[in-house]
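Working notes for the structure below.
In the working numbering, the protein residues as written are 1470 to 1925.
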């Protein structure tokens, strides 16, 4: 890993910060070791606070004299030091992300000579932050801009170098490590957005993270990416971003990964909430968590499908489609009588909805704006209805296909009643597709998505 800010670049006339030793690096004691053992995001936030405090102390020493306007404003209660606190966090964030850009997690000299993809993503946005810093410093004293670039910026970078060295030894020299670290730092910066107080930059953080997420997806498989994101403490950001891109998906293995992830999270949630152990009727049921997770997945699919159709203006569903969606939502009641109690079923769905809220089956489906149609009180026209139903059947077919792949790959046995539920659901979907084709085959606008039948 190469750093382009040398240890000896600090001008001799400036004293080193108190917590930066004569070696030029942040001294790492037991407390710092503990910090770096926590999540990467939390560690980055703590180091940003420390770097900001360092810059704040330095800038106060540089601008000790007060102008008449500042004294007048202070007299009437105006916080004349607010700019120092804001610029301190701006400088700390800039130093952190510049360290990301100028650090290399690869040993290939050829790659070092070219800007990394992370560099390409971050640089334009960092220029916004640098403009803000330079403008504020230049207003006070033009010489402060040079001081910041030549003295303080390399000094601030030393707060983060030990962390980079630790993480590079753990993750190895790879492009994905650089991207994951960058995502972590962006999450940390977003947590401090109010302190940074540079809206032009902080409002661009979601865009930056989206580009980095897309970049990471091109480097490793989805399951490996999820594992790295979880280890780094950014699983929620990973789920929030990719959860809206799960479907439609031509890669059955990837859909199976998402199905498996949902399954695992639901099992953990049922255990955490003591949903099974607190109810006598559920006792002595083998693999009950897995079965409830399966039922919860398809109940969530049914609920999201109904909400999607309502959002598209389809309030009056035909009998076949309504039967299919209703069975997805409530078919579990026919399997486990314990769920027929309204409070129990509500708790069941609350747990499912909370664990799966990041997953939006229909986010990638092009919407048909009701406002644009200006027919809020009317049904969609026939062509629009065909498009909407096609999307629904494609999504539902993909979920069944993904579950089939997941079930086959894990070789997990299913309860006989759950198998019956899946077969019944599949048959209802098949009948919906047959009716759909029969009704709209001659329209020339039909996009049929075949079902990969569930192997049970």
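Think of the CB as a built atom: it goes at the ideal place given N, C-alpha and C, for glycine as much as any other residue.
Burial state of residue i (16 or more Cβ within 10 Å)
i, result
"residue 1568", "buried"
"residue 1864", "buried"
"residue 1819", "exposed"
"residue 1906", "exposed"
"residue 1959", "Outside the modelled stretch of the chain, which goes from 1470 to 1925, sits residue 1959, for which no answer is possible."
"residue 1605", "buried"
"residue 1612", "exposed"
"residue 1540", "Note that residue 1540 scores a pLDDT of 46, beneath 50, so its modelled location is shaky; the value from the coordinates is reported in the next line. Residue 1540 should be labelled exposed."
"residue 1672", "exposed"
"residue 1503", "In this predicted model, residue 1503 has a pLDDT of only 48, less than 50, meaning its place in the structure is not dependable; the value taken from the coordinates is given anyway. It is exposed - the Cβ of residue 1503 has fewer than 16 other Cβ atoms within 10 Å."
"residue 1860", "buried"
"residue 1576", "Caution applies to residue 1576, whose pLDDT of 43 falls short of 50 and renders its modelled position unreliable; the model cannot decide the point."
"residue 1512", "buried"
"residue 1866", "buried"
"residue 1699", "exposed"
"residue 1578", "For residue 1578, the predicted model reports a pLDDT of 46, less than 50, meaning its position is unreliable and no value from the coordinates is stated."
"residue 1608", "exposed"
"residue 1476", "The predicted model places residue 1476 with a pLDDT of 36, which falls under 50 and marks its position as unreliable, so this point remains unresolved."
"residue 1763", "buried"
"residue 1527", "buried"
"residue 1665", "buried"
"residue 1741", "exposed"
"residue 1486", "For residue 1486, the predicted model reports a pLDDT of 48, less than 50, meaning its position is unreliable; a value from the coordinates is still stated below. Label assigned to residue 1486: buried."
"residue 1850", "exposed"
"residue 1602", "buried"
"residue 1594", "buried"
"residue 1529", "exposed"
Of the listed residues the options, nearest to residue i (C-alpha basis)
i, options, result
"residue 1856", "1693, 1684, 1777", "1777"
"residue 1445", "1701, 1723, 1658", "In the structure as shown, the chain starts at 1470 and stops at 1925, and residue 1445 therefore has no counterpart that could be examined."
"residue 1674", "1706, 1742, 1695, 1698", "1706"
"residue 1831", "1664, 1593, 1775", "1775"
"residue 1559", "1645, 1600, 1531, 1899", "1600"
"residue 1828", "1511, 1811, 1769", "1769"
"residue 1646", "1609, 1585, 1618", "1585"
"residue 1661", "1614, 1510, 1527, 1703", "1510"
"residue 1930", "1631, 1667, 1514", "Shown here, the chain extends from 1470 to 1925; a query on residue 1930 therefore has no answer."
"residue 1789", "1694, 1508, 1904", "1904"
"residue 1767", "1817, 1528, 1634", "1817"
"residue 1736", "1717, 1716, 1757", "1757"
"residue 1812", "1895, 1744, 1761", "1744"
"residue 1516", "1787, 1557, 1531, 1527", "1557"
"residue 1862", "1717, 1798, 1688, 1523", "1717"
"residue 1591", "1570, 1634, 1792", "1570"
"residue 1834", "1713, 1630, 1593, 1597", "1713"
"residue 1531", "1621, 1694, 1629, 1793", "1621"
"residue 1823", "1765, 1792, 1710, 1683", "1765"
"residue 1852", "1796, 1783, 1792", "1783"
"residue 1524", "1595, 1618, 1594", "1618"
"residue 1690", "1665, 1875, 1720, 1663", "1720"
"residue 1760", "1684, 1614, 1876", "1876"
"residue 1650", "1786, 1636, 1663", "1636"
"residue 1521", "1629, 1742, 1815", "1629"
"residue 1900", "1792, 1807, 1854, 1825", "1792"
"residue 1897", "1631, 1508, 1794", "1794"
"residue 1893", "1715, 1572, 1798", "1798"
"residue 1634", "1572, 1648, 1664", "1572"
"residue 1733", "1879, 1518, 1688, 1529", "1879"
"residue 1711", "1694, 1701, 1702", "1694"
"residue 1701", "1683, 1508, 1771", "1508"
"residue 1514", "1632, 1858, 1598, 1772", "1632"
"residue 1688", "1738, 1786, 1814, 1587", "1587"
"residue 1990", "1739, 1809, 1826, 1598", "Residue 1990 lies beyond the range of the chain shown here (1470 to 1925); nothing can be said about it."
"residue 1644", "1692, 1659, 1596, 1697", "1697"
Taking contact to mean at least 3 C-beta pairs separated by less than 8 angstroms, is the region 1674-1684 in contact with the region 1651-1658? A contact exists between the region 1674-1684 and the region 1651-1658.
Note down, one range per segment and in chain order, each alpha helix (DSSP H) of at least 4 residues found wholly within the region 1802-1828. Counting only runs that start and end inside the region 1802-1828, the alpha helix (DSSP H) elements of at least 4 residues fall at 1811-1825.
Would you be able to state if there are at least three C-beta pairs under 8 angstroms between the region 1612-1628 and the region 1557-1564? Segments in contact, yes.
Length at least 3, wholly inside the region 1848-1900: the beta strand (DSSP E) runs in chain order: As far as the region 1848-1900 is concerned, it has no whole beta strand (DSSP E) run of at least 3 residues.
Three or more beta-carbon pairs under 8 angstroms between the region 1725-1736 and the region 1870-1878, yes or no? The region 1725-1736, when compared against the region 1870-1878, does touch it at the 8 angstroms Cβ threshold.
Would you check if there are 3 or more beta carbon pairs closer than 8 angstroms linking the region 1775-1793 to the region 1877-1888? No, because fewer than three Cβ pairs between the region 1775-1793 and the region 1877-1888 fall closer than 8 angstroms, the two stretches do not touch.
Can at least three beta-carbon pairs, one atom from the region 1889-1900 and one from the region 1790-1808, be found at a separation below 8 angstroms? Segments in contact, yes.
Which ranges would you report for the alpha helix (DSSP H) in the region 1684-1738 if only whole runs of at least 4 residues count? Segments of the alpha helix (DSSP H) lying fully in the region 1684-1738: 1691-1701, 1704-1711.
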